[in-house]
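For the sequence shown, numbering that gives the first Met the number 0 gives the first residue as 0, with consecutive numbering after it. Built from N, CA and C at the ideal position, the CB exists for glycine as well.
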Amino acid sequence: MQQTFWRLMRLAHWVIGAFILTTLTFFAVTGFMLNHTAWFEQEPTQHDAEYTLPAELPLPELSDDPNAPTPALAPALTAWLAEHSPYPISAYQLKIEAPEILLEYQGPGSEASLTIDSESRAVAYHEQKNGIVALLNNLHKGRHAPAFWKRYMDAFAILTVLVALSGLALLVYYRKQRRSTWLWATTGITIPLVIILLAIHY
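In structure tokens:
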């Protein structure tokens, strides 16, 4: 029974370790990039466009009352806006600043806005792409990331802890055969803790 437990422990350690290898490398590389942002600077690219909203498309009634509920956009208007944006309209945040209707999008590597003038029916589209470096760094931080990415980060964090704990358990199991491992394990625990404490109290 005990042998089966340790066999499963070894199996879990290397299987989970193999599974998270790519993601672990991703976070290591992007962590280095975040530490040296000046080395990886990229100029953002911008795109602007102007349109006129067709007369047959209905606009929501706007109120000057800041406490008024945000009106919903008609399906036909939403469909037209979707044709003029590379991002799904559902990802935009709707704001009303009469006489303007604002739709703002924030992604990990880009941002965009659609501004509708309800009086002239003019539509202004603005998009800024911040480059692949900003995209990767924001994914590292979970900033403006989609919900599925945040759930994946949670799963990755749990799996990483499991790898660490199973590795520690295996160190205990093999403590007699590999005595020098304890020196390295103790060093690997102590040095990071000291650095973390120094950083906290810096």
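Those residues which DSSP pairs with I100 across a bridge: The count along the sequence shown starts at 1 and reaches residue 100 at position 101. The partner list for I100 (beta bridge, DSSP) reads I95 and I115.
Please say whether P107 and L138 have beta carbons closer to each other than 8 Å? Position 139 of the sequence shown, counting from 1, holds the residue named residue 138. Position 108 of the sequence shown, counting from 1, holds the residue named residue 107. Yes, Cβ-Cβ distance for L138 and P107 is below 8 Å.
CA-to-CA distance, L158 to L164, given in whole angstroms: On the sequence shown, residue 164 is found 165 positions in, with the first residue counted as 1. On the sequence shown, residue 158 is found 159 positions in, with the first residue counted as 1. Computed Cα separation, rounded: 10 Å.
Ends of the beta strand (DSSP E) at D47? Along the sequence shown, one-based indexing puts residue 47 at 48. According to the DSSP assignment, D47 belongs to the beta strand (DSSP E) that extends over T44 to T51.
For I19, count neighbouring Cβ atoms within 10 angstroms of its own Cβ and tell me buried if that reaches 16, exposed if not. Residue mapping note: residue 19 aligns to position 20 of the sequence shown, counting from 1. That one is buried.
Nearest candidate by alpha-carbon position, reference A54, set T114, R120 and A48: Start at 1 with the first residue of the sequence shown, and residue 54 comes out as number 55. Of the candidates T114, R120 and A48, the one whose C-alpha sits nearest the C-alpha of A54 is R120.
Starting from H143, follow its DSSP beta bridges and name the residues at the other end. For this step, residue 143 is matched to residue 144 along the sequence shown. According to DSSP, which records beta bridges pairwise, H143 is partnered with nothing at all.
H255 bridges to which residues according to DSSP? This structure cannot speak to residue 255, because the chain is shown only from 0 to 201.
Using the Cα positions of A27 and D47, report the straight-line distance between them to the nearest angstrom. Within the sequence shown, residue 27 is the residue found at index 28, counting from 1. Within the sequence shown, residue 47 is the residue found at index 48, counting from 1. Distance between A27 and D47, taken at the CA atoms: about 36 Å.
So M152 and G141 are in contact, right, with Cβ under 8 Å, and what is the actual spacing, rounded? Residue 152 sits at position 153 when you count from the first residue of the sequence shown. Residue 141 sits at position 142 when you count from the first residue of the sequence shown. Sure, about 6 Å apart at Cβ, within 8 Å.
Just verifying my parser: in three-state terms, what is the DSSP assignment at Q2? Sequence index remark: in the sequence shown, residue 2 carries index 3 (1-based). Here Q2 sits in helix by DSSP.
Closest to S117 by C-alpha separation, out of S89, Q92 and E60, would be which residue? As a working mapping, residue 117 is identified with position 118 in the sequence shown. Closest by alpha carbon: E60.
Within this structure, are the beta carbons of L80 and I88 separated by less than 8 Å? By one-based count along the sequence shown, residue 80 stands at place 81. By one-based count along the sequence shown, residue 88 stands at place 89. Closer than 8 Å, so yes.
I'd like to check one pair, Y104 with H83: are the Cβ atoms closer than 8 Å? Here residue 83 refers to the residue found at position 84 of the sequence shown. Here residue 104 refers to the residue found at position 105 of the sequence shown. The answer is no: Cβ separation not under 8 Å.
Could you tell me the distance, in whole angstroms, from the CA atom of A144 to the CA atom of W5? On the sequence shown, position 145 is the one that residue 144 refers to. On the sequence shown, position 6 is the one that residue 5 refers to. Taking the straight line joining both Cα atoms gives about 38 Å.
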